[in-house]
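The next block holds one structure in the form of structure tokens; read it before the comments.
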Amino acid sequence: MMARLVDRGPMAYLLASPVSRVRIACTQATVLFVGLFTIGAFTTIGGLIGAAWIVKNAHLDTGRFVQLNLIGCLLFAVIAGYSFLCSCAVNDEKKALSSS
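First residue of the sequence shown: 2, per my numbering; consecutive thereafter.
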């Protein structure tokens, strides 16, 4: 996320504004993780509604299903975290993609 802004040029516009680099990075990370957890929540809710609506007499263990989706979401958060770290550490987008 950050390497793309640096590589393609929009970071210069962001740095020209009176906002610190830390604030820009925190905003980018917040958007990344809020989007990730929103997708995870919609997937979990959709799975619960779909199981209740489509499958009659479904004996779905909802606690385990929510745990499984939470673990999957946390796994993607870890991957997104180190990918974001690589993106912040490297200025070139291709190097950031290859290192992450």
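Note that the Cβ used here is the ideal one computed from N, Cα and C, for glycine as well.
Are residue i and residue j closer than 7 Å when you measure CB to CB?
i, j, result
"arginine 5", "glutamate 94", "yes"
"serine 88", "methionine 12", "no"
"leucine 16", "alanine 78", "no"
"alanine 52", "alanine 59", "yes"
Between the Cα of residue i and those of the options, spot the shortest distance and give me the residue it belongs to.
i, options, result
"glycine 82", "Ser21, Thr44, Gly10 and Cys27", "Cys27"
"leucine 49", "Asp62, Gly73 and Val32", "Asp62"
"glutamine 68", "Ala59, Thr45 and Trp54", "Thr45"
Is residue i close to the ligand NAD? I mean its beta-carbon at under 6 Å from any heavy atom of the ligand.
i, result
"serine 88", "Judged by which ligands are present, the structure shown has none, so any question about the ligand NAD falls away."
For residue i, does the count of other Cβ atoms within 10 angstroms reach 16, so buried, or fall short, so exposed?
i, result
"valine 35", "exposed"
"phenylalanine 85", "buried"
Can you tell me where the alpha helix (DSSP H) with residue i in it begins and where it stops?
i, result
"proline 11", "11-17"
"leucine 69", "63-90"
What is the rounded straight-line gap between the Cα of residue i and the Cα of residue j?
i, j, result
"lysine 57", "alanine 97", "47 Å"
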